[in-house]
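Trainee: For the sequence shown, our numbering begins at 648 and goes up steadily by one.
Positions of the beta carbon are idealized from the N, C-alpha and C atoms, including for glycine.
Source: prediction; values computed, not measured.
Once you've had a glance at the structure underneath, I'll fire off some questions.
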Amino acid sequence: MPSKTKPLSLKELARLEADRDLGAELLQSVREMKAGKLHVAYSPAIEAREKTGLSQSQFAALLGVSVRTLQGWEQGRKQPSGAARTLLTIARTNPQALLAVVGK
648 MPSKTKPLSL KELARLEADR DLGAELLQSV REMKAGKLHV AYSPAIEARE KTGLSQSQFA
708 ALLGVSVRTL QGWEQGRKQP SGAARTLLTI ARTNPQALLA VVGK
């Protein structure tokens, strides 16, 4: 199994790719999808931002975080904590309240 911290060399990558059966992997994915074993990742951060109608940069500024942090939340790489999680909940349930605070 390749290391998660060290990038693969070109030789290691070529060896892994040569051993793959993409057709079998795709068929397995279709079988899992049909069986209901796969699910779409739900991002409360995306839902919150979309309900406010703001762009990523506008919404990040409103929350006081970087665009990169917001993208991490939206892509599921990071989870908001504390006040940010509370603000996202407010944005999802009552976006107008959050927008009223900033006069939008």
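Would you say A731 and L710 are within 8 Å of each other, going by their C-beta atoms?
Mentor: L710 is positioned such that its CB atom lies closer than 8 Å to that of A731.
Trainee: So, with DSSP's three-state summary, where would you put P654?
Mentor: DSSP places P654 outside both helix and strand once states are collapsed to three, so it counts as coil.
Trainee: Which residues bound the alpha helix (DSSP H) around A730?
Mentor: In the DSSP assignment, A730 falls within the alpha helix (DSSP H) that extends over 729-740.
Trainee: Could you tell me the boundaries of the alpha helix (DSSP H) in which G711 lies?
Mentor: For G711, no alpha helix (DSSP H) encloses it, and the DSSP letter there is neither H nor E.
Trainee: Which same chain residues end up closer than 6 Å to R696 when comparing Cβ atoms and leaving out the 5 residues on each side of it in sequence?
Mentor: If we look at R696 and ignore the five residues flanking it on each side, its Cβ neighbours are F706.
Trainee: For V714, collect the residues of the same chain with a Cβ closer than 8 Å to its Cβ; drop the 5 residues on either side in sequence, then sort them by chain order.
Mentor: Q703, S704, A707
Trainee: Taking 8 Å as the threshold (C-beta atoms), are E721 and S690 in contact?
Mentor: yes
Trainee: G750 by DSSP, collapsed to three states: which one?
Mentor: Coil.
Trainee: In or out: L734 buried (at least 16 other Cβ within 10 Å) or exposed?
Mentor: buried
Trainee: Give every residue of the same chain whose Cβ lies closer than 7 Å to the Cβ of L746, excluding the five residues on either side of it in the sequence, and list them in chain order.
Mentor: T699
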